[in-house]
Amino acid sequence: MTATHEADAVVPITTDLAALAHALGPSLAARAQTADDTDAFVADNFADLKASGLIEAGVPADLGGGGASITALAAMIRELAHHCGSTALAFSMHTHQVAIPAWRWTRQQAAPVAPLLKRVAAERLILLSSGGSDWIAGSGKAEKVEGGYRITARKIFTSASPIGDLLMTGAVLEGEPEGPQVLHFGIPMNSPKVSVLPTWKTMGMRGTGSNDVMIDGHVVPEAGVALKRKQGEWHPLFHIISMIAFPLIYAAYLGVAEAARERAVAMAGKRRPSDHVVTLVGQLDTELRAAQYAHAAMVATAETAAPSAVTTNEIMIGRALVARHAIAAVELAMEAAGGGAFYRDSGLERLFRDIQGARYHPMQTGPQHEFAGRIALGMDVATVF
Numbered sequence: 185m186t187a188t189h190e191a192d193a194v195v196p197i198t199t200d201l202a203a204l205a206h207a208l209g210p211s212l213a214a215r216a217q218t219a220d221d222t223d224a225f226v227a228d229n230f231a232d233l234k235a236s237g238l239i240e241a242g243v244p245a246d247l248g249g250g251g252a253s254i255t256a257l258a259a260m261i262r263e264l265a266h267h268c269g270s271t272a273l274a275f276s277m278h279t280h281q282v283a284i285p286a287w288r289w290t291r292q293q294a295a296p297v298a299p300l301l302k303r304v305a306a307e308r309l310i311l312l313s314s315g316g317s318d319w320i321a322g323s324g325k326a327e328k329v330e331g332g333y334r335i336t337a338r339k340i341f342t343s344a345s346p347i348g349d350l351l352m353t354g355a356v357l358e359g360e361p362e363g364p365q366v367l368h369f370g371i372p373m374n375s376p377k378v379s380v381l382p383t384w385k386t387m388g389m390r391g392t393g394s395n396d397v398m399i400d401g402h403v404v405p406e407a408g409v410a411l412k413r414k415q416g417e418w419h420p421l422f423h424i425i426s427m428i429a430f431p432l433i434y435a436a437y438l439g440v441a442e443a444a445r446e447r448a449v450a451m452a453g454k455r456r457p458s459d460h461v462v463t464l465v466g467q468l469d470t471e472l473r474a475a476q477y478a479h480a481a482m483v484a485t486a487e488t489a490a491p492s493a494v495t496t497n498e499i500m501i502g503r504a505l506v507a508r509h510a511i512a513a514v515e516l517a518m519e520a521a522g523g524g525a526f527y528r529d530s531g532l533e534r535l536f537r538d539i540q541g542a543r544y545h546p547m548q549t550g551p552q553h554e555f556a557g558r559i560a561l562g563m564d565v566a567t568v569f
């Protein structure tokens, strides 16, 4: 695919996935405003993604998938966001839940992940992430019962919840000799003990369907527990998660900022020329380029680095920079476009609201700064998240 932005030289969009996302774009965009206006999940857009084969794009080829790299997956999500931010962000959650076990399969020969990846490819399963509600501290309650664990939990920010097949989540098991433990497992969304609560009424990214999911007594068999770790401390798996997930999630926000730039420049070009508008556009491109460079570094790190606290630090610095500069770029886009940006019909107003979500994913500003400072000073970061 031919690059469409000057900074694509930083992360070349040359994959078939990005081209396919571009081809789907007009259909996705046509539904985006309606979803935003009605708080409706972009179900038809996900149906297009599923029909196109993008659901299994990140599954290794030897397990039946597309074998896409992190670079290719990020370019795909970034392109989707040019057309519908909600579709891109919600799909990034599925995509990273596939990319993490795919990385483990290809880099660590982790046999336990193979059955899940094969199912994603064969059945086009949509994986859900409970995201921020299952960060290092975990959430929810696990009780030991015969043959497994009874789970009671309310999982927030569960993107694509209306159509997900399997929720990749966890819960806290108290009373263990070594202290509280977080159990990790998958729960089928069709369980009678699982329900979706229509809570997603938000400023932006309104079409992601990131509702709360209630788990009320679902029993996870002992064999279904993929990981048991100490609560409140970094585990090696979370360094893998950080390395893989955040370049994909923030590809969505970078794409939103790029879409805002395109609209703003087109609108500014119709205004009476002034030095002020010219300067605003120059500032906009400078901020956007900073976000693109930071995101390119995140992707390069995910492709080449080994998971560790040092790698997580690099990823989280990149996440902070992408968020900061992408938000600044969209603010400048609103101003450069003039009063027309204030109208919903312009599309910029929605992009301005959507970009605000970049503030809220882990690690947020305070913990990220502390983590970076401790790494720089050679201090322990095990409980900083």
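Convert by adding 184 to the 1-based position in the sequence shown; the result is the number in the working numbering.
Glycine included, C-beta positions come from ideal geometry on N, C-alpha and C.
In the three-state reduction of the DSSP assignment, Ile320 falls in the coil class.
If you draw a straight line from the Cα of Val568 to the Cα of Gly557, it comes to about 11 Å. Closest in alpha carbon position to Pro405, among Phe369, Pro376, Tyr434, Thr386, is Phe369. Residue state for Met387 is assigned as coil, using DSSP reduced to three classes. Put simply, the backbone Cα of Leu247 is about 42 Å away from that of Glu533.
The residue from Ala305, Leu367, Ile511 with its alpha-carbon nearest to that of Tyr333 is Leu367. The closest CA to that of Ala207, considering only Thr496, Ile254, His267, Val226, is found on His267. Here Tyr437 is buried: its Cβ has 16 or more other Cβ atoms, across all protein chains shown, within 10 Å. Taking 8 Å as the cut-off, the Cβ atoms of Val483 and Pro431 count as close. Membership of Met427 in the alpha helix (DSSP H) is indicated by the continuous run 420-452. With three or more CB-CB distances shorter than 8 Å, the region 369-378 counts as touching the region 395-403.
Straight across, the Cα-Cα distance linking Lys234 with Val461 is about 42 Å. Considering only Ser379, Met352, Met451, the residue with the shortest C-alpha distance to Ser313 is Met352. Annotation note: the region 309-363 contains the following uninterrupted beta strand (DSSP E) runs of length 3 or greater, listed N- to C-terminal: 311-313, 325-329, 332-342, 350-357. Burial of Leu301 is indicated by the presence of at least 16 other C-beta atoms within 10 angstroms of its C-beta. When the beta-carbon positions are compared, Ser426 and Met500 come within less than 8 Å of each other.
Sequence-distant Cβ neighbours of Met277 in its own chain, meaning closer than 6 Å and more than five residues away, are Ser313, Ser343.
Val397 is bridged by DSSP to Lys339, Val380. In this structure, Thr271 places its C-beta atom within 8 Å of the C-beta atom of Gly391.
Residue environment for Gln281: buried (at least 16 other C-beta atoms within 10 angstroms of its C-beta).
Rounded to whole angstroms, the Cβ separation of Ala444 and Leu535 is 4 Å, and the two are in contact under 8 Å.
Counting every other CB atom within 10 Å of its CB across the protein chains shown gives Thr218 a total below 16, marking it as exposed. Under the three-pair Cβ rule at 8 Å, the region 474-489 counts as touching the region 241-258.
In the three-state scheme derived from DSSP, where H, G and I count as helix and E and B as strand, Gln365 is classed as strand. The closest CA to that of Asp396, considering only Gly324, Pro364, Pro244, is found on Gly324. A Cβ-Cβ separation of about 5 Å places Gly322 in contact with Val356 under the 8 Å criterion. Secondary structure note for Arg262: its alpha helix (DSSP H) is the uninterrupted segment 254-265.
Val329 sits exposed, since fewer than 16 C-beta atoms from the chains shown fall within 10 Å of its C-beta. Put simply, of Leu468, Ala286, Glu446 the residue whose alpha carbon is nearest the alpha carbon of Ala429 is Ala286. For Asp200, the closest of Ala216, Ala475, Phe225, Gly237 by C-alpha to C-alpha distance is Gly237. In the DSSP assignment, Leu212 falls within the unbroken alpha helix (DSSP H) covering 200-222. The Cβ-Cβ distance between Met260 and Ala274 does not fall below 8 Å. When the beta-carbon positions are compared, Val440 and Gly269 come within less than 8 Å of each other. Cβ atoms of His509 and Glu471 come within 8 Å of each other, at about 5 Å. Residue range 493-521 is occupied by the alpha helix (DSSP H) that includes Leu516.
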